[in-house]
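These notes concern the structure reproduced below.
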Amino acid sequence: MLTINYLRCWRCNMSDTRFKKGMTPWNKGIKTGLKPTNGFKKGFSPWHTRELYSERLDKEGYILIKIAKPNKWMRKHRWIYEQEYGEIPKDSVIIFADGDRNNFDIENLVLVSRAELAILVRCRLISSVPELTKTGLNVAKIRIKLAELRKEKE
């Protein structure tokens with residue numbers, strides 16, 4: 001059933017409010033904020049920029065250290081190991097001998113291959129005692145050598 005109120009509302013709501021070709025927008029000539037071309041001046045760094053060698057904590061609990069200006073971060077234990085012994089091989093990782101991620105003592109950082117790490121984790125040979133972890137690493141090396149010898153026999 002059509003009523004007068006229905007027709008009045010229909011007439012108000014059905015008016016065409018879209019832009020037509022040639023219409024000027026409502027904000028023509030109004031000054032806006034900073035444009036991308038001149039929004040950031042050269043040499044300006046925001047207040048929250050971190051300095052070189054500053055530290056932060058990542059999601060996994062490792063401490064990251066800033067090593068280069070345009071946001072180049074590295075795990076601190078890897079950086080310390082590289083400063084002491086040189087570059088880390090691609091198939092190797094650094095583990096903490098005592099399992100504490102905040103102990104960056106150079107004797108606590110151990111270089112292991114990924115194959116050795118797989119055996120250490122699978123056989124639960126990583127301990128909170130550094131000597132036991134290093135012994136577990138020797139066990140992992142023996143297991144890898146045994147697997148190689150068995151493969152040669154076959």
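Its first residue numbered 1, the sequence shown is counted upward by one per residue in the UniProt record's numbering. All C-beta atoms, glycine included, are put in the ideal place defined by N, C-alpha and C. Only a predicted model underlies this, so the values are computations on that prediction, with no experimental measurement involved.
inquiry  = Pull the bridge partners of R75 from the DSSP assignment, please.
reply    = L64
For I67 and S54, the rounded distance between their alpha carbons = 8 Å
query = Going by DSSP, what residues sit across from V93 in a beta bridge?
reply = V112
ask   = With a Cβ-Cβ cutoff of 7 Å, do R75 and Y62 count as a contact?
value = yes
Buried/exposed call for L52, threshold 16 Cβ in 10 Å = exposed
inquiry  = My output table needs one value for E148: the three-state DSSP class, helix, strand or coil.
reply    = helix
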